[in-house]
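Protein chains: 2
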Amino acid sequence: MIEVLRNPAEMRSRAGALRAAGKRISFVPTMGYLHAGHVSLMEAARDLGDARVLSIFVNPTQFGPKEDLSRYPRDLDGDLHKAEGAGITLAFVPEAAAIYPDGYQTFVEVSDLSQGMCGASRPGHFSGVATIVLKLFHLVQPHVALFGEKDFQQLAVLKRMARDLDLDVEVRGLPIVRESDGLAMSSRNAYLSAEQRQDALILSRAIFGSRDRFVKGERSAEALLALAREILMSNKNIRLDYLELRDAESLKTVDGNVGRPTVLAVAAFVGSTRLIDNVVLPA
Amino acid sequence: MIEVLRNPAEMRSRAGALRAAGKRISFVPTMGYLHAGHVSLMEAARDLGDARVLSIFVNPTQFGPKEDLSRYPRDLDGDLHKAEGAGITLAFVPEAAAIYPDGYQTFVEVSDLSQGMCGASRPGHFSGVATIVLKLFHLVQPHVALFGEKDFQQLAVLKRMARDLDLDVEVRGLPIVRESDGLAMSSRNAYLSAEQRQDALILSRAIFGSRDRFVKGERSAEALLALAREILMSNKNIRLDYLELRDAESLKTVDGNVGRPTVLAVAAFVGSTRLIDNVVLPA
Chain A
271 MIEVLRNPAE
281 MRSRAGALRA
291 AGKRISFVPT
301 MGYLHAGHVS
311 LMEAARDLGD
321 ARVLSIFVNP
331 TQFGPKEDLS
341 RYPRDLDGDL
351 HKAEGAGITL
361 AFVPEAAAIY
371 PDGYQTFVEV
381 SDLSQGMCGA
391 SRPGHFSGVA
401 TIVLKLFHLV
411 QPHVALFGEK
421 DFQQLAVLKR
431 MARDLDLDVE
441 VRGLPIVRES
451 DGLAMSSRNA
461 YLSAEQRQDA
471 LILSRAIFGS
481 RDRFVKGERS
491 AEALLALARE
501 ILMSNKNIRL
511 DYLELRDAES
521 LKTVDGNVGR
531 PTVLAVAAFV
541 GSTRLIDNVV
551 LPA
Chain B
271 MIEVLRNPAE
281 MRSRAGALRA
291 AGKRISFVPT
301 MGYLHAGHVS
311 LMEAARDLGD
321 ARVLSIFVNP
331 TQFGPKEDLS
341 RYPRDLDGDL
351 HKAEGAGITL
361 AFVPEAAAIY
371 PDGYQTFVEV
381 SDLSQGMCGA
391 SRPGHFSGVA
401 TIVLKLFHLV
411 QPHVALFGEK
421 DFQQLAVLKR
431 MARDLDLDVE
441 VRGLPIVRES
451 DGLAMSSRNA
461 YLSAEQRQDA
471 LILSRAIFGS
481 RDRFVKGERS
491 AEALLALARE
501 ILMSNKNIRL
511 DYLELRDAES
521 LKTVDGNVGR
531 PTVLAVAAFV
541 GSTRLIDNVV
551 LPA
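Going down the list, the sequences are from chains A and B. Residue numbers for the first sequence follow our numbering, beginning at 271 and rising by one. Residue numbers for the second sequence follow our numbering, beginning at 271 and rising by one.
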């Protein structure tokens with residue numbers, strides 16, 4: 271039976287005991303409402319740790335004042351059921367007041383990688399993400415932590431943070447899991463009406479259309495972006511937030527020709543729901 | 271014989287091995303040029319750890335562009351000799367390029383406690399301090415870390431950071447060590463000429479003059495500050511940076527009467543040398 275811990279101090283002391291006993295700890299930090307993407311992370315964690323920890327915490331500091339914190343979907347019972355099936359041994363489910371007590375005032379910034387893309391449309395988002403993940407690393411003390419590549423910029427920020435702060439944690443990304451029609455798995459897909467669900471397909475169609483052109487030999491950043499943009503714009507129910515080609519490692523904007531591994535990343539609103547997706551062009 | 275490690279990865283793996291073997295690690299982070307204040311920290315560390323680690327690192331990110339980074343005094347051989355005498359078992363002496371490699375971009379901010387006092391005259395200083403100490407904590411993995419109370423605001427910032435980031439480290443402050451004439455020990459005292467050395471005594475005289483008035487019953491913040499200021503101003507070779515009464519825990523400015531433990535803190539220039547000192551009024 272999966273064990274549930276709610277108290278941060280208890281989580282930390284449990285992790286310390288596991289470490290002292292020579293156990294390897296693998297870790298999947300989430301905001302809950304688990305989907306097949308999370309399941310792939312938990313199944314990877316099963317092969318990587320003696321103790322497999324899942325955290326479920328809808329982190330308020332990574333939401334902007336006008337974002338969807340209050341309506342973010344939750345289903346703890348369903349999540350624990352999925353977690354147990356995927357081999358998680360311990361679920362850490364803290365309250366916000368225990369994570370950010372009165373007087374809380376410490377934040378981490380990963381400067382360059384947090385600029386642009388989601389960092390431009392969500393000010394403070396990556397500082398909130400980096401801070402909560404650092405705190406969770408201190409509490410869970412994992413050897414390896416798993417994140418989905420859908421949040422591509424987040425993964426780059428967290429890898430950089432782990433390296434810069436000398437953390438003894440391997441931050442590992444796993445491929446995006448998609449519905450059979452191509453839609454990237456996201457807890458936020460739950461917000462979509464049946465009609466919006468169809469509209470949302472344009473995101474993956476746009477970036478894969480461009481990826482196919484790349485595979486056939488197109489290397490011009492301008493041409494690849496233009497094609498994806500044209501596909502996106504063909505659906506009038508979509509409001510584009512950004513569409514960018516960035517170096518897959520440094521996240522620097524790619525001009526001219528694509529000559530190194532490059533991520534084609536998109537963010538767009540379907541109704542009031544903001545969705546993101548990306549594909550790596552393996553130059 | 272004291273062991274010296276220069277490589278951060280080696281330090282971290284050594285600390286991990288000590289932890290795995292059940293050893294307690296005590297830690298004294300310094301910028302070197304050790305004086306009797308540091309010796310008191312190292313001697314305390316001797317009683318608190320099986321492994322006693324000293325770090326010596328003149329941290330560039332806590333110096334402003336016009337500050338004394340390039341001329342900060344150094345004496346590695348002398349430091350190691352003192353450290354060995356005080357029971358240190360391992361000295362960590364990294365190069366700046368190993369601590370801040372190319373592309374480094376992650377910083378920690380402890381917001382409220384870094385405002386005012388030294389934070390006002392040294393923008394970015396406490397972010398630099400918090401960041402290097404967090405990195406050193408990840409590398410050295412101490413159970414307890416010791417800091418002098420002379421850097422009173424620094425100690426408050428680091429205690430708050432450790433708590434906010436869920437670090438499993440006790441951050442402990444030890445009393446200021448003074449020369450027989452009252453001057454607070456500081457590596458920067460090495461900058462002072464014989465004459466400036468005499469001028470510098472006015473800092474401790476001012477705050478202790480005010481402290482004596484407090485002990486005799488004076489509780490008015492205004493009166494206590496006025497007295498200290500009057501003493502400071504009596505020496506024309508001193509340029510005052512700040513003189514403040516702050517709550518010893520929250521570091522909030524104290525107006526009206528002193529009714530809780532309160533720190534009377536001063537910073538002043540003697541020539542181009544900036545010195546700080548403080549005393550706690552034990553209300």
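Here a beta-carbon is modelled for each residue, glycine too, at the ideal position from N, C-alpha and C.
Delimiting residues of the alpha helix (DSSP H) encompassing residue i
{"i": "residue 289 (chain A)", "result": "278-290"}
{"i": "residue 484 (chain B)", "result": "471-485"}
{"i": "residue 333 (chain B)", "result": "Neither: residue 333 (chain B) is in no alpha helix (DSSP H) and is coded neither H nor E."}
{"i": "residue 434 (chain A)", "result": "422-434"}
{"i": "residue 316 (chain A)", "result": "306-318"}
{"i": "residue 363 (chain A)", "result": "Unbroken run through residue 363 (chain A): none, as it is neither H nor E."}
{"i": "residue 418 (chain B)", "result": "Here residue 418 (chain B) belongs to no alpha helix (DSSP H); instead the beta strand (DSSP E) covers 414-418."}
{"i": "residue 501 (chain A)", "result": "491-503"}
{"i": "residue 403 (chain B)", "result": "395-410"}
{"i": "residue 339 (chain B)", "result": "That residue, residue 339 (chain B), is in no alpha helix (DSSP H); it is neither H nor E in DSSP."}
{"i": "residue 488 (chain B)", "result": "It is not in any alpha helix (DSSP H) - residue 488 (chain B) carries neither H nor E in the DSSP assignment."}
Delimiting residues of the beta strand (DSSP E) encompassing residue i
{"i": "residue 326 (chain A)", "result": "321-326"}
{"i": "residue 380 (chain B)", "result": "376-380"}
{"i": "residue 443 (chain B)", "result": "440-444"}
{"i": "residue 359 (chain A)", "result": "Neither: residue 359 (chain A) is in no beta strand (DSSP E) and is coded neither H nor E."}
{"i": "residue 533 (chain A)", "result": "532-540"}
{"i": "residue 549 (chain B)", "result": "543-551"}
{"i": "residue 296 (chain A)", "result": "295-300"}
{"i": "residue 437 (chain B)", "result": "Here residue 437 (chain B) belongs to no beta strand (DSSP E), and DSSP marks it neither H nor E."}
{"i": "residue 451 (chain A)", "result": "Run containing residue 451 (chain A): none; DSSP gives neither H nor E here."}
{"i": "residue 275 (chain B)", "result": "273-275"}
{"i": "residue 511 (chain B)", "result": "508-517"}
C-alpha gap between residue i and residue j, whole angstroms
{"i": "residue 487 (chain A)", "j": "residue 509 (chain A)", "result": "29 angstroms"}
{"i": "residue 366 (chain B)", "j": "residue 342 (chain B)", "result": "14 angstroms"}
{"i": "residue 529 (chain B)", "j": "residue 551 (chain B)", "result": "10 angstroms"}
{"i": "residue 430 (chain B)", "j": "residue 374 (chain A)", "result": "8 angstroms"}
{"i": "residue 522 (chain B)", "j": "residue 304 (chain B)", "result": "31 angstroms"}
{"i": "residue 285 (chain A)", "j": "residue 279 (chain B)", "result": "22 angstroms"}
{"i": "residue 328 (chain A)", "j": "residue 434 (chain B)", "result": "18 angstroms"}
{"i": "residue 452 (chain A)", "j": "residue 520 (chain A)", "result": "27 angstroms"}
{"i": "residue 225 (chain B)", "j": "residue 407 (chain A)", "result": "The question about residue 225 (chain B) has no answer, for chain B in this structure spans 271 to 553."}
{"i": "residue 466 (chain B)", "j": "residue 515 (chain A)", "result": "60 angstroms"}
{"i": "residue 335 (chain A)", "j": "residue 542 (chain A)", "result": "15 angstroms"}
{"i": "residue 501 (chain B)", "j": "residue 490 (chain B)", "result": "17 angstroms"}
{"i": "residue 531 (chain A)", "j": "residue 468 (chain A)", "result": "30 angstroms"}
{"i": "residue 325 (chain B)", "j": "residue 376 (chain A)", "result": "24 angstroms"}
{"i": "residue 351 (chain A)", "j": "residue 545 (chain A)", "result": "26 angstroms"}
{"i": "residue 549 (chain A)", "j": "residue 477 (chain A)", "result": "7 angstroms"}
{"i": "residue 484 (chain A)", "j": "residue 385 (chain B)", "result": "51 angstroms"}
{"i": "residue 290 (chain A)", "j": "residue 517 (chain B)", "result": "40 angstroms"}
{"i": "residue 389 (chain B)", "j": "residue 396 (chain B)", "result": "7 angstroms"}
{"i": "residue 404 (chain B)", "j": "residue 439 (chain A)", "result": "15 angstroms"}
{"i": "residue 300 (chain A)", "j": "residue 424 (chain B)", "result": "34 angstroms"}
{"i": "residue 547 (chain A)", "j": "residue 418 (chain B)", "result": "50 angstroms"}
is_contact[residue i, chain B] using C-beta, thresh 8 angstroms
{"i": "residue 387 (chain A)", "result": "no"}
{"i": "residue 363 (chain A)", "result": "no"}
{"i": "residue 467 (chain A)", "result": "no"}
{"i": "residue 379 (chain A)", "result": "yes"}
{"i": "residue 409 (chain A)", "result": "yes"}
{"i": "residue 383 (chain A)", "result": "yes"}
8 angstroms Cβ cutoff, residue i in contact with chain A
{"i": "residue 478 (chain B)", "result": "no"}
{"i": "residue 434 (chain B)", "result": "yes"}
{"i": "residue 539 (chain B)", "result": "no"}
{"i": "residue 275 (chain B)", "result": "no"}
{"i": "residue 320 (chain B)", "result": "no"}
{"i": "residue 278 (chain B)", "result": "yes"}
With 8 angstroms as the limit, tell me which residues of the stretch 283-309 of chain B have their beta carbon closer than that to any beta carbon of chain E; keep them in chain order.
-> Annotation note: the requested chain E is absent from the structure, which comprises protein chains A and B.
For the stretch 504-532 of chain A, enumerate the residues whose C-beta is nearer than 7 angstroms to any C-beta of chain B, in chain order.
-> none
In the stretch 386-405 of chain B, which residues sit with their C-beta less than 7 angstroms from some C-beta in chain A, listed in chain order?
-> 404 and 405
Listed from N- to C-terminal order along the chain, which residues in the stretch 423-453 of chain B have their beta-carbon within a distance smaller than 7 angstroms of any beta-carbon of chain A?
-> 430, 431, 434, 435, 436, 437 and 438
Below 9 angstroms between beta carbons is the criterion; list the residues of the stretch 366-378 of chain B that meet it against any residue of chain A, in chain order.
-> 369, 370, 371, 373, 374, 375, 376, 377 and 378
Of all the residues that make up the stretch 346-359 of chain A, which are near chain B by a beta-carbon distance shorter than 9 angstroms?
-> none
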